[in-house]
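>
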Amino acid sequence: MYKTINIDRNNLTIMGVQFADLETLESTANALGSNMFEGFVPTPKGIEIIRDYIVGKITFAEFIKFAKEKAYV
Numbered sequence: 213m214y215k216t217i218n219i220d221r222n223n224l225t226i227m228g229v230q231f232a233d234l235e236t237l238e239s240t241a242n243a244l245g246s247n248m249f250e251g252f253v254p255t256p257k258g259i260e261i262i263r264d265y266i267v268g269k270i271t272f273a274e275f276i277k278f279a280k281e282k283a284y285v
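Going by my numbering, the sequence shown opens with residue 213, and the numbers climb by one from there.
Right, here's the structure in full:
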C-alpha cells in the first residue's frame, strides 16, 4: 500500500530532513517515489542517505554499503 510522506517545498524538507535547495529536494522526492512503488518505506535516516548521495557527500559504494547494512532504519 502506498503511503504519503510529508514534503514541504516552502521549508525545503522531506519528513523533517532539511535540503539546501529545491532541485535537490525534488530529485530526492522523485527517487523516493519510485522506490516507494517498489515497497520501500522511507525513514528520515533513509532520506538523509539518499540526499547525501544525490549531493555527492557519499559515494555510490557507500550508498550500497548503507543499504546492505540497513542503515536507513
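Built from N, CA and C at the ideal position, the CB exists for glycine as well. On a predicted model such as this, the values are computed, not experimentally measured, just so you know.
Please state whether DSSP places Thr271 in a helix, a strand or coil.
Looking up residue 271 in the sequence shown gives position 59. Thr271 falls in the coil class under three-state DSSP.
> Can the beta-carbon of Gly228 be found less than 8 Å from the beta-carbon of Pro254?
Residue mapping note: residue 228 aligns to position 16 of the sequence shown, counting from 1. Residue mapping note: residue 254 aligns to position 42 of the sequence shown, counting from 1. It is not a contact, given that the beta carbons lie outside the stated cut-off.
> Tell me Val229's beta-bridge partners as DSSP assigns them.
Sequence index remark: in the sequence shown, residue 229 carries index 17 (1-based). For Val229, which the question treats as bridged, DSSP gives the partners Ile226.
> Exposed or buried, what is Thr240 when buried is set at 16 or more other beta-carbons lying within 10 Å of its beta-carbon?
Counted from its first residue, the sequence shown places residue 240 at position 28. That one is buried.
> Express the C-alpha separation of Ile276 and Ala232 in angstroms, rounding to a whole number.
Indexing the sequence shown from 1 puts residue 232 at position 20. Indexing the sequence shown from 1 puts residue 276 at position 64. Approximately 23 Å, taken between the alpha carbons.
> Please state if the CB of Ile262 and the CB of Ala243 are separated by a distance shorter than 8 Å.
Here the question's residue 243 lines up with position 31 in the sequence shown. Here the question's residue 262 lines up with position 50 in the sequence shown. Yes. Within cutoff.
> Give me, in chain order, the residues of the same chain whose beta-carbon lies closer than 7 Å to that of Thr236; leave out the 5 immediate sequence neighbours on both sides.
On the sequence shown, position 24 is the one that residue 236 refers to. Closer than 7 Å at the Cβ level, and outside the excluded window around Thr236, lie Arg263, Ile266, Val267.
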